[in-house]
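**Student:**
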Amino acid sequence: MIGLCLGLAGVVWAELPVPAFTLAWTHSIEKVRWEEDYRVTAEGLLLGEARVKGSGAGMEIPADAVLHAGSWHYRRQLPPLQPLRVGRTPEAGDYQLCFDGACHELSEWLGPPRADRPALELWSCAPATPGA
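In my numbering, the protein residues as written are 21 to 152.
Printed below as a string of structure tokens:
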């Protein structure tokens with residue numbers, strides 16, 4: 021089974037057996053929520069729909085975005101991301117992973133964001149077999 025690995029430079033810090041997830045965060049300056057839906061595949065993470073509640077510094081709304089239920093919805097055509105690299109610092113706050121109807125701070129698996137670990141990578145992986 022393919023799952024989601026969290027870590028850096030190929031070192032796994034946490035593994036989640038999820039086929040899909042939403043990566044969500046609040047923009048550190050504009051205080052606007054951003055969400056991206058991903059499917060976990062053997063080739064990497066496939067970005068589906070993305071949503072943002074508004075525009076601002078460094079967050080331009082794509083021209084083809086549609087306003088629906090208070091958020092701009094759009095799709096980007098990207099190849100599978102393997103890995104998806106994100107910044108994660110105490111100043112910017114934490115990301116959330118949403119799956120199975122609930123959102124969880126990354127700190128549940130990784131501890132709080134740390135200045136000495138300013139980046140995180142997410143990639144598709146085969147979860148380790150217990151006792152292997």
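Glycine included, C-beta positions come from ideal geometry on N, C-alpha and C.
Specify the secondary structure class of Glu128 as computed by DSSP and reduced to three states.
**Tutor:** Residue mapping note: residue 128 aligns to position 108 of the sequence shown, counting from 1. Correct three-state label for Glu128: helix.
**Student:** Which partner residues does Ser144 have in the DSSP bridge list?
**Tutor:** Walking along the sequence shown from the start, residue 144 turns up at place 124. Answer is Leu24.
**Student:** Pick helix, strand or coil for Thr46, following the three-state DSSP scheme.
**Tutor:** As a working note, residue 46 is residue 26 in the sequence shown. In this structure, Thr46 counts as strand in the three-state DSSP scheme.
**Student:** Would you be able to state if there are at least three C-beta pairs under 8 Å between the stretch 68-76 and the stretch 92-103?
**Tutor:** Yes, the stretch 92-103 is in contact with the stretch 68-76.
**Student:** Give me the Cα-Cα distance between Leu126 and Leu142, rounded to the nearest whole angstrom.
**Tutor:** The sequence position of residue 126 within the sequence shown is 106, counting from 1. The sequence position of residue 142 within the sequence shown is 122, counting from 1. Between Leu126 and Leu142, the C-alpha separation is close to 11 Å.
**Student:** Answer with buried or exposed for Leu117, where buried requires no fewer than 16 other C-beta atoms within 10 angstroms of its C-beta.
**Tutor:** Stepping through the sequence shown from its first residue, residue 117 is reached at position 97. Its Cβ being crowded by 16 or more others within 10 Å, Leu117 is buried.
**Student:** Here's the rule: buried if 16 or more other CB atoms are within 10 angstroms of the residue's CB, otherwise exposed. What is Pro132?
**Tutor:** Within the sequence shown, the letter at position 112 stands for residue 132. Result: exposed.
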